[in-house]
Amino acid sequence: MTAQPARNSTTWWRESDSRHHLHPFTDTKALAEKGGSRVITSAEGVYLTDSEGNRILDAMAGLWCVNVGYGRKALAEVAYKQMLELPYYNTFFQSATPTSIELAEKLAEITPPGLDRVFFASSGSEANDTIVRMVRHFWNLEGRPQKKTFISRTFGYHGSTMAAASLGGMAAMHGQADLPLPGFVHVTPPYWYDYGGDLSPEDFGRQAAKAVEDKILELGPETVAAFIGEPVQGAGGVIIPPETYWPEIQRICKHYDVLLIADEVISGFGRTGAWFACEVFDIQPDLMTLAKGISSGYLPLSAVMVGERVAETLVQEGREFFHGFTYSGHPVACAVALENLRIIEEEGLIAKVRDETGPYLGEALGTLVDHPLVGEVRSLGLLGAVELVKDKAARAHFDDLGHVGAICRDHCVSNGLVMRAVRDAMICSPPLTFGKNHVDELVRLLRRALDLTARDLGSA
Ligand code: PXG
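Quick note: the sequence shown uses numbering that gives the first Met the number 0, first residue 0, plus one each step.
Below you can see the structure in the form of structure tokens.
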């Protein structure tokens, strides 16, 4: 008889996890065969610790969310206090709580002008589902019920619920659930490296925006409800649009009376060196999705910011909006979010990203372009991507797209660095508390992982 592993040992955790736990975006069988999950047991600042005592630099801020870093006592204390005072009450049926009221006001203050109304939920997916419901309701109220279709981009990510995954442009997700639902269509993303061909980035930006116009004309403007996009596509591979893209999108949406929705779930709360990436790209959205950095991931919280035009009709004409979640405006999550925003302001994290660590990350990643595997480096604020390619001059990917990225990602993790691989792009989105020393450590570890990857491929 084999001895049972001790409870709360790494072996026990892995075995139990493999038996019972179905993980998101995970091949459960392959994970079990590989020996099970990496168990993260604690974190401090920008470092994680796993159950074997390894210290890992978290260049992803969890899942693009721990903007103020780990180990913030102030956030724990606020949550503790709020739980004792009022752990839960809802915002349905004419109720509110002080922290949900305060947070709504604060969000109206820091988001771009005109976005003055807030609908709360707990995840980015719920927030985007809310937008789909709200926008369809809006056009019905406007007497234009045929305006129902949403346009979004290939490689866009807007969440995992049926509507959010339909908005998203991830073929693998669509394939498993017969998505997109009717009324959701996709166009080319502003991804110059892959789609730009011989065009300059500027010309390609205009061409990618024209794909939206062409789609609106193909469908008929009278049937198109909204266009949704992440100002910078995150999970799609940190796709930073050429500067010609968003002004054109703005013009096109206005011209055809199509609502413009900015999904700032990743790009919000300082990530790009501004409160919101809409400021960086001069986007004036009708609606905005917020999550992740809103609470630095310490508790689940998301929000839909609603601009004047939609809010006016909803409020004046809409009567009861039959939509909401038990945890919409959760008082503890709102308290933590308020404290999180206070920390971002007090510590000047946004200016630090804009003036110091953002440019430094760009420079430091830029030193990797001499590596034989690196085709392009791009960054904005504390978002970065390093494209691994077969042929730099031809901008040609490896045949089995995703394979080389996975090898490099595994070398990163084995060497104490968490980065994500999206197809063959290595991407990072570290906490906004990252210092230049952490950027140096990231680039040193990534270069080592690139060397090991090249060795595995037999190309160095
Ligand atoms: N919009 C955007 C732009 C996102 O990045 C969502 C909506 C959905 O949020 P929720 O809270 O429902 O997950 C996201 C989420 C990855 C990864 O591996 C990215 C996300 C989530 C999980 C994994 O890159 N983004």
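We treat Cβ as the ideally placed atom computed from N, Cα and C, and that holds for glycine. Nothing here was measured: the structure is a model prediction, and the numbers come from that model.
| field | Enclosing beta strand (DSSP E) for T288 [first to last residue] | value | Element bounds for T288: L286 to L289.
| query | What do you get for Q232, buried or exposed, if any count of 16 or more other CB atoms within 10 angstroms of its CB means buried? | reply | The residue is buried, with at least 16 neighbouring Cβ atoms inside 10 Å.
| field | Bridge-paired residues (DSSP) for C427 | value | DSSP links C427 through a beta bridge to G383.
| task | Enumerate in chain order the residues of its own chain whose CB-to-CB distance from L463 is below 8 Å, with the five nearest sequence positions on each side excluded. | result | No answer is possible for residue 463: it lies beyond the span of the chain, which begins at 0 and ends at 459.
| task | Say whether the segment 347–360 touches the segment 373–386, bearing in mind that this needs 3 or more beta-carbon pairs closer than 8 Å, one atom from each stretch. | result | Taking 8 Å as the limit for Cβ pairs, the verdict is that the segment 373–386 does touch the segment 347–360.
| message | Mapping the DSSP letters down to three states, classify G357 as helix, strand or coil. | response | Secondary structure of G357 (DSSP, three-state): helix.
| query | What first and last residue would you give for the alpha helix (DSSP H) that runs through E338? | reply | Note, E338: alpha helix (DSSP H), P330 to E345.
| field | Pairwise C-alpha distance: M304 and H402 | value | Counting only the Cα atoms, M304 lies some 39 Å from H402.
| message | Which residue wins for smallest C-alpha separation from M425, given the options L416, I343, L431 and F433? | response | Minimum Cα distance to M425 is reached at L416.
| query | In this structure, does DSSP put F280 in helix, strand or coil? | reply | F280: helix per DSSP, three-state reduction.
| message | Rounded to whole angstroms, what is the Cα-Cα separation between P4 and W12? | response | Rounded to the nearest angstrom, the gap between the Cα atoms of P4 and W12 is 9 Å.
| message | Can you list, in chain order, the residues of its chain with a C-beta nearer than 8 Å to that of F321? Leave out the 5 residues immediately preceding and following it. | response | Short of 8 Å from the beta carbon of F321, and not among the five residues preceding or following it, lies no beta carbon of its own chain.
| message | Any heavy atom of ligand 1 inside 7 Å of the beta-carbon of S124? | response | Within the cutoff, so yes.
| query | Name the DSSP beta bridge partners of Q232, please? | reply | Q232 is bridged by DSSP to I238.
| query | With a cut-off of 8 Å, do at least 3 Cβ pairs link the segment 256–265 to the segment 212–230? | reply | Two segments are said to touch when three or more pairs of C-beta atoms, one from each, lie closer than 8 Å; by this definition the segment 256–265 touches the segment 212–230.
| message | Measuring only the C-alpha atoms, how far is A393 from N53? | response | Taking the straight line joining both Cα atoms gives about 40 Å.
| request: Please find out if some non-hydrogen atom of ligand 1 comes closer than 7 Å to the beta-carbon of Y156. | output: Y156: yes, Cβ under 7 Å from ligand 1.
| Which value, in whole angstroms, describes the spacing of the CA atoms of Y69 and G296? | If you take the alpha carbons of Y69 and G296, they lie about 10 Å apart.
| message | Would V421 and A170 qualify as a contact pair, given that the criterion is a beta-carbon distance under 8 Å? | response | No, these two residues do not count as a Cβ contact at 8 Å.
| Cβ neighbours of T366 in the same chain (closer than 7 Å, five flanking residues each side left out) | Around T366, the same chain offers V442 as residues with beta carbons nearer than 7 Å, after the five sequence neighbours per side are excluded.
| Between S428 and R270, is the Cβ-Cβ spacing less than 8 Å? | Taking the C-beta atoms as reference points, R270 is found nearer than 8 Å to S428.
| field | Cβ-based burial, F183 [other Cβ within 10 Å; buried from 16] | value | Answer is buried; the Cβ neighbour count reaches 16.
| query | Contact check, V45 vs P430 under 8 Å by CB: the rounded distance? | reply | Taking 8 Å as the upper bound for CB-CB distance, V45 and P430 are in contact here, some 5 Å apart.
| Just reading off the alpha helix (DSSP H) that T148 is part of, what are its end residues? | Per DSSP, T148 belongs to no alpha helix (DSSP H); it is in the beta strand (DSSP E), T148 to R152.
| said: Just to confirm the assignment, what range does the beta strand (DSSP E) spanning D115 have? | reply: Residues L114 to A120.
| message | Does D256 come out as helix, strand or coil in the three-state DSSP assignment? | response | Three-state result, D256: coil.
| task | Kindly indicate the opening and closing residues of the beta strand (DSSP E) around V303. | result | Boundaries of the beta strand (DSSP E) around V303: S301 to G306.
| message | Please identify the residue among P189, D369, W63 and S36 whose C-alpha is closest to the C-alpha of T10. | response | Checking every option, the nearest Cα to that of T10 belongs to S36.
| query | Among residues of its own chain, excluding the 5 on either side of L444, which ones have a beta-carbon nearer than 6 Å to its beta-carbon? | reply | The residues are N414 and L416.
| request: Verify whether the separation of the beta carbon atoms of L449 and V373 is less than 8 Å. | output: Yes, these two residues count as a Cβ contact at 8 Å.
| query | Taking 7 Å as the line, does the beta carbon of T40 fall inside it for any heavy atom of ligand 1? | reply | Every heavy atom of ligand 1 is 7 Å or more from the Cβ of T40, so no.
| For E469, three-class secondary structure by DSSP | A question about residue 469 goes unanswered here, because the residues of the chain that appear run from 0 up to 459.
| query | With respect to 7 Å, is the separation between the Cβ of T90 and the closest non-hydrogen atom of ligand 1 below this value? | reply | Every heavy atom of ligand 1 is 7 Å or more from the Cβ of T90, so no.
| query | If you follow the beta strand (DSSP E) that V184 is part of, which residue opens it and which one closes it? | reply | From DSSP, the beta strand (DSSP E) with V184 extends over F183 to V186.
| request: Just grab the DSSP bridge partners of I55 for me. | output: Its beta-bridge partners are L47.
| request: Could you tell me whether the segment 327–338 touches the segment 113–129, where touching means 3 or more Cβ pairs closer than 8 Å? | output: Taking 8 Å as the limit for Cβ pairs, the verdict is that the segment 113–129 does touch the segment 327–338.
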